[in-house]
Each structure stands twice: as structure tokens, then as C-alpha cells.
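See below for the structure under consideration.
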Amino acid sequence: MDEKNVPIRTYQVCNVLEPNQNNWLRTDWIPRSGAQRVYVEVKFTLRDCNSLPGVTGTCKETFNLYYHESNEDRESYIKESSFIKVDTVAADESFTQVDVGDRIMKLNTEVRDVKVTTRKGFYLAFQDVGACIALVSVRVFYKTCPLTIRNLATFPDTVTGADTSSLVEVRGSCVNQSEEREEPKMYCGADGEWLVPIGGCLCNPGYQEKSGTCKACSVGFYKAKSSDPGCSKCPPHSHSVRDGATVCDCHSGFFRADSDPPSMACTQPPSAPQQLISVVNETSVVLEWPETGLKTTRVVVSELRAHTHYTFIVHAHNGVSQASGAGAAQSVSVTLTTNQAAPSPVSFIQATDVTRHSLSLAWQQPDRPNGVILEYEVKFYEKDQRERSYRIMRTFSRSVDVTGLNPLTVYVFHVRARTAAGYGEFSAPFEFSTNSDPFPLIGEGVNSAFLLLSISGVGILLLISAAVFIISRRRSKYSKTKQDSEEEKHLNPGVKIYVDPFTYEDPDQAIHEFAKEIDVSSIHIERVIGMGEFGEVCSGRLRVQGKREIYVAIKSLKAGYSDKQRRDFLSEASIMGQFDHPNIIRLEGVVTRCKPLMIITEYMENGSLDAFLRKHDGQFTVIQLVGMLRGIASGMKYLSDMSYVHRDLAARNILVNSNLVCKVSDFGLSRVLEDDPEAAYTTRIPIRWTAPEAIAYRKFTTASDVWSYGIVMWEVVSYGERPYWDMNNQDVIKAMEEGYRLPAPMDCPVVLHQLMLDCWERERAERPTFSQILNMLDKLIRNPGTLRRTGGDRPTATMLESGVGSEVCVSVVPQVCMPEWSMCVWLQSIGLERYRDTLAAAGYTSLDSLLALTHQ
């Protein structure tokens, strides 16, 4: 009887008084049906042995579950040894009452799983070893993941795997009217649940997803591509007349161009422009018409012929004009006549019969005279005067003789023509030089002997000029450093010049012009390496498609920034993005389209130079230190050539990579100093590294960067020592004004300290340029013997007499390092050695004697 006193059928055994019980109950053959793991649910009751008197040692409270796999249902007898034990089953609840009529049924339910994979079917068996037990029911089942639809893909009913942790991969098939977006897959778990949906399908054009199926777009709607999210209403002036439309047809009289997408509204071709207005201005015509919704309603036609009839036709044309067959019909025309106009510029000028004080000019008529040429006007001036003082000549012909010129002088000539309408524009400049001789060098009748004599005179003049130049260099120091560098920039117009990003009204325009935008998904941040002025500085990796992965440094802008902080943060990237040099930190790109804003630069493994030197105090050779200084000087020469002034050159702003290559960085101070007029005596200006004129008058130039470079040299040789030690800023300023300069660090070569002192000259024009510094360091590296003498060494007589290339050459000052060349060597160096004997015969045997040489 069950708990409701309903009779039930059970298998039961209760041989508890007899020892060594071995009672078996076996099922019929059970087909596996594709299952790999089956589950056995057993419901049973069990008598508590303590409630049975006199059964100590023979009564049990458990039974055993076995299974045996077989391919067919023919085994009437199976040996016990053929069965495999699954488990020993015990009861959670047992009963004790003897009186069946009064007992409460305590039904136990236990589930065990069995792996069955080698045969078509199996048997189950239960073994009793001396318990009082009744089997109420045995249920055998296996689990499947049921048929389902995910992402428009159908996944069939799938049997779970053999192991409790196994996942069965199942490929889905797209539902009707759909196509694969990505191969649809899911995994069937051991508990019968679907896991990890991957990929899926998209409804075909003309169909959209509804309740896991693809339904056709209704009339008046369309879907052009499978990737579109759903059906869209037909655009204006179009319609669809059937379900499942992929494009809407245009109404009558409306059209789409071949290049128009299906989402584009159908349009009509335009009507002809109305009320065309024309204005003639000499040889230019302005055509205008009222607003028609088109992009442009005005055009200027210039450089027409004077006094000429012209017909202008204005066509109204849009994207569907060709598709509709409409063309010339949508047009309007106007006929007009141009006025008289000034002539076009003269395109070419030729000089002939050039003498010492005169030359002849000739030119062609302008390409467009625009009338009768009444006269020509010639303007000319000495090239050095730059049009500050010029002369005018007028002539009726296309040539003129110009007299009263200075010998050996370059003149600039312009010519323009005049008609009744006035003067045209001057021609482009043409340069011609007068001769040093009273006879013509160009033209007929020139004597060959005289030509040779003139060339010889030019050669002697070049020789004198070269001699004066060489000797004057030997007697000068760094005179006119700044002026020379500025002149070099004017004489080399191809040199790239730095552009201040703060000249842009929109800072984003500058950042997008000079820096590359990087997708934030290609950046992998690994760790924080420091804190910058605007936020954290991290290291990480950058992987750009098509390039190898590289390590980078990542500066980020902290949250809550102001517009000014954002502008200042991005300005540094706009500056760095203009530089491309192995000794300037390289900008990889920026992230501006999402937060936080980031600046990505190359990663310098050894960090800042000052900290790196302090960490490795005394571990480098002098040549290695000079090599570091050479790299910094090379980077600064590049910046000065671009007309960029760093303003904050210091060892802390030099970064070092794993190969000990030093690179200039930190380009943010220049804007701070310009924005803060009181910065001269505050902590924002680096007093210990700044030149006196920059502190006092805010005069920042390349020469002030040279002063800072001298301080960097001192930092490098002293392995990161703090300049001026514990002196406060006011004491440093006072000491500099009184002429105090930092002494040579311990074991510093004399030649390096002398170069530092040259950089710290009070007059900025007396300081070397970065080009001169770089040349000096290159000489030291090629001649390491010059680095052996330090401040503690006493010079010997041999050293003092050794001359050029020895330890006494301790400066880049030309008169100290310049060799005393002989006349012969000097003539060979400038390619004029053929004059050696002639000069020697005339008594010119030294370079100094050449100063007395005259043209005669």
C-alpha cells in the first residue's frame, strides 16, 4: 500500500535472518536508442535493522546496482561476473514499525548515471545482500537538448555527451528565407541545456525577422540588403506593389540615378535656371541666377579676350537628368561682348651685350595684348636693395638699353605693357649681373684672349675672397650665431618649418593634421608607470593592422578636464607629430574619438636620463657619455633647423631606450611660458636650466636652448647631479648675473667643460650653434685621445707643443682648433693649386700675405 493506501506492485525481499544473502533481480534488455549516458531512478522502501530483533550480523541496509551491455536481446542467462557495478545504494529514510496497518510509508528516491556507448543495448541488475527492501519503481532515461531556434538558425534535438563535462558541438541551419551571417553553432551540455550560441543568420532582402522566422516585407515597405535591420517604408515618390520587395519603384516622372542607393528618394530633373544676370568687367564675366536649391548659383569667367562676343549657356543638371533623358532642355543662354582690358604680363626677358655699366634687354609681346600696346615700362633695382630703391624706364619698342649700372652687381628687372585700358601687371622678376670688365662678354666680336683674361681675373678674385674668408674664420669665435642661423633658413626655403598648433582656432584641426588617429581597440594597456601633468602614464602594446606589435607609452587625460586642459594636452601631440628624427621622441598617434583622450608614443625602456644616470652612477665610459650628448645635440639641431625653441631642455626631459639612444621629449612648457606673463620668477620656469636673457626678458631662442644644453652636459657628466645643488632659485639667478658658472664635475675631460662654458657665454651671439656643437662632439668621438685630460691633470711640454688633434685642443673656438695650413695645402683644398708657382714668384708665400693681394 502506498501513502494513500492504494495497492501497488513491488519487488521485495526480506531474508534478514540468514547470513550470506545473494539475491538478484534483472531487467529485460533495454535498447540504447543513441544515448551515451543513461540515468536510473530507483524508488524503494527499507526496514531499519535495529527494529528487527535477533538479526545482528545478518541484516543489511543497502543494495547494489549493476549493468551489462549487449548488442541483442538473446541472453537468457548472464553470469554475475559479467555485470559491472554502478554503485551501492543506501536509504535516506527507513521504517521501523512492525504493524503494517499503522506504519507510515517512507519512500526513498535515488538516481544513478551510467555511461553506455559500446553496445546497442544493456541490462540492469539489483543485488540484495541481506536487507529488508521493496523496489517500488525503476525509471530509465537519457537527456537531450531539445530542438530550438537561435539567431534565425534551427538546432535539432541532440543527445547529450557521454561524460558529465562534455559539450557536443552542433551546427545549425538557417530558417527559410535567410542566409548565413556567420556559421551558426551551439553546444549541447550534459544537463540538456544549450550553451554558447555563436554566429547566426540574416533574413534575405525583402524579409525581416519576426518570432524567430523571416516574414516578407508588406506592400509599401522594402528591405534592400540582408544586413539591414528590418523593412523600411518606401522613400518619397516611390512605392512597392508586392510583398517581399527589395527596392521601391519610382512614381511616374520621378527617377533615381544608377549610383543612388535604394533608400534615396526619387527626384525629378531640374527646370532651367531663371533670370540669368550677367556683369562684364573688362575681360571677366560674372553670371548669377536666383536660388534654385542647387549648390552654386554664381560663376566668374576670367581671362577672356577683349572686345570679343561670347555666348554662355547655363545647364541645370542633377543626378537624375541622364536617367530621365533630360539634358539641354533645362538650360538658359546669354550673349555678351567683353570690354577693353589691360594686357597680360610679359612672360620672358632676355639680356644681351652685358658690360660693366650697361646691358640690353629684349622681350616678347604679352600673350594677350587686349588691344594696341602703347608703351612698355621697365622697373629695375639692385637685388640687395629689395625694391627699396628702383628706377623706371619707358619705351615704345620691345627692347631697351639700360646704362649707369654698377659693375659686378646683380639687378632685378620687371616689364609691363600699357594699352588704352591702362597698365597690365609687372612680369615675374628676371635677374642679370653686370660685368667687371668694360667690354661686353655676351654678343658678337668678343676677343678670345680678352675672354681668357676676364676669367683669370675672376679666378684671382675668388682666391682672394676665399683667403679672406678662411683667415677671418680663424680669427673669430661664435660671432653672429643667431643671425647666421636665421639667414640659413631664408636661404634654404625647402627646410620644413614648425607650425604652432595654437595658431589654429580649432585645436582638433591641428591634431588631425599632424597626428594619426588610432583605434582604441588596437591599444592594450599593461601597467601604470607614472603620473603626468594631465593624468596617468602607462605602458602597453599597440597592434596596427598590417604592422608588427610594438611597445608604447600611453599618456591619458584624467576625467573632469576643462577645455583649456584638453587643448594643452592635445597641443603636445600636435607639436610632436611634426617631428621625424631618431633623437626626437616619436609620436605613434592619438585617441580623440572616445574617452579617455590618449597620446601614444614610442616606449623608452630606461625612462628619463637623469634618473637613469643616477641609477648607474660611474658605470659608463666617457665615450658612452659623449655618445649620449651627441644624440641630444643631433635632436636639438633638428629642432633648431625647424625654428622650434624647446624652452625646457633638461636631463629629466630626455628619454633613454634599451640601446642607450637619447631622445628629446616633453614639448609642453613653451605654451605655459607664453600664457603666464609672471612665470619668470615662479616655479613654472626651470631657473637652473634657463639662460639669463630668458629669465630676465623672456627672450627664448635657439641660443637659450644652447645654454640649457650646457646644463644637460653637466648633468650627464656628473651622473644626474642637481645643477647648483641646494641653492635656491634667487641665489642661482644672482650667481649667474655675477658671472658664476658650474665647475667641472669630477673626472670631467677639460674639452667637455670648455664646451659647457662656451654654451654659458653671457652674450647669446657668442654661444655655439647646435650644428657646431654636433661637429665638435663628432671630432671628440673620432679622436678619443682628446678626452683623456681632466681638470686634475697638469699639461706637459709635449702636450702644449702637439698642436692640432692633441689634448690642448679643448674648445670648438676656430682659432684654437684650426691648423696652421701652408699655402700649398690651402690652395689644394680649394682646387687652385695651379697658381702656387705664380703666387710664390710674386712673393706670396703665406696665407697672411694674401691679405695684401689686390685685384690689379
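Using the working numbering, read the sequence shown as starting at 389 and increasing by one per residue. All residues carry an ideal CB built from backbone N, CA and C; glycine is no exception.
* Kindly list the residues whose CB is nearer than 8 Å to the CB of K946, restricted to its own chain and excluding five residues on each side of it in sequence; keep chain order. => F922, G923, E924 and P984
* Asked: Taking Cβ positions, are V394 and G518 nearer each other than 7 Å?
  -> no
* Quick one, are the C-beta atoms of V667 and L724 less than 7 Å apart? -> no
* Go through its chain and collect everything with a Cβ distance to D631's Cβ below 7 Å, but skip five positions before and after it. => Result list for D631: A604, C605, S606 and V607, in chain order.
* Distance CB(V979)-CB(V908) smaller than 7 Å -> With contacts defined as CB atoms closer than 7 Å, V979 and V908 qualify as a contacting pair.
* Report yes if the C-beta distance between V800 and V734 is below 7 Å; otherwise report no. => no
* Given a threshold of 16 other Cβ atoms within 10 Å of its Cβ, counted over all protein chains shown, does S1028 qualify as buried or as exposed? -> With a threshold of 16 other beta carbon atoms within 10 Å, S1028 meets it and is buried.
* State the DSSP-derived secondary structure class of A457, mapped to helix, strand or coil. => With the sequence shown as reference, residue 457 is identified as Glu, and Ala is not the correct amino acid for it. Of the three classes helix, strand and coil, the one that applies to E457 here is strand, per DSSP.
* Asked: Using the rule of at least 16 other Cβ atoms within 10 Å of the residue's Cβ for burial, across every protein chain shown, is I885 buried or exposed?
  -> exposed
* Asked: When we look at the beta-carbon of D1036 and count the other beta-carbons within 10 Å, is it buried (16 or more) or exposed?
  -> Buried is the call here.
* **Close beta carbons around N1041, own chain, < 6 Å, minus the five adjacent residues each side** => S1053 and D1054
* Asked: For S1046, which three-state DSSP category applies?
  -> Correct three-state label for S1046: coil.
* Beta-carbon gap between V1120 and R1076 smaller than 7 Å -> yes
* Asked: Just to confirm, are C332 and L453 a CB contact at a threshold of 7 Å?
  -> Lying outside 389 to 1244, the shown extent of the chain, residue 332 is not represented and no answer is given.
* Return the chain-ordered list of same chain residues with a C-beta closer than 7 Å to the C-beta of K621, the five sequence neighbours on each side being excluded. => G608 and F609
* L879 versus R1155: straight-line alpha-carbon distance, rounded -> Legend: pLDDT at L879 = 41, less than 50; position of this residue unreliable, value from coordinates given subsequently. Looking at the two C-alpha atoms, the distance is approximately 22 Å.
* Asked: DSSP on P1299, reduced to helix/strand/coil?
  -> Only positions 389 to 1244 of the chain appear in the structure, and residue 1299 is not among them; the question remains open.
* For C357, count neighbouring Cβ atoms within 10 angstroms of its own Cβ and tell me buried if that reaches 16, exposed if not. => Lying before the first or after the last residue shown, residue 357 is absent from the chain, which here runs from 389 to 1244.
* Asked: Counting along the chain, where does the alpha helix (DSSP H) carrying S470 start and finish?
  -> Segment: none, S470 is in no alpha helix (DSSP H) and carries neither H nor E.
* Where does N592 fall in DSSP's three states? -> coil
* Rounded C-alpha distance that separates L434 from T476 -> 14 Å
* With C-beta atoms as the reference, is L1165 less than 7 Å away from A1021? -> Cβ distance < 7 Å, so L1165 and A1021 count as in contact.
* Starting from L958, trace the alpha helix (DSSP H) both ways and give me its first and last residue. => Run containing L958: D951 to M964, per the alpha helix (DSSP H) assignment.
* Do P624 and A612 have their C-beta atoms closer together than 7 Å? -> no
* Asked: Any idea what DSSP makes of V1094, helix, strand or coil?
  -> helix
* Work out the CA separation of E893 and D956 for me, nearest whole Å. => 13 Å
* Asked: Looking at C-beta atoms only, is the number of pairs between the region 466 to 484 and the region 560 to 574 that lie closer than 8 Å three or more?
  -> Contact fails: fewer than three Cβ-Cβ distances are below 8 Å.
* Determine the burial state of F543: buried for a count of at least 16 other Cβ atoms within 10 Å of its Cβ, exposed for fewer. => buried
* On the premise that V1033 lies in contact with T1090, defined as a C-beta separation below 8 Å, what is that separation, rounded to the nearest angstrom? -> 6 Å between Cβ atoms; contact.
* Asked: What are the complete beta strand (DSSP E) segments, minimum 3 residues, inside the region 404 to 466?
  -> 411 to 414, 425 to 434 and 450 to 458
* To do: Look up E571 in the DSSP assignment and say whether it is helix, strand or coil.
  => strand
* For F902, name the three-state secondary structure that DSSP assigns. => Helix.
* **Chain-order list of residues whose beta-carbon lies under 7 Å from that of Y939 (same chain, five-residue window excluded)** => S927, R929 and Y991
* Asked: Candidates Y1026, F514, R462 and K531: which alpha carbon is nearest G422's?
  -> K531
* With which residues is K392 paired in a DSSP beta bridge? -> Per DSSP, none; premise fails for K392.
* According to DSSP, is F398 helix, strand or coil? -> Note on residue identity: the sequence assigns Thr, not Phe, to residue 398. In this structure, T398 counts as coil in the three-state DSSP scheme.
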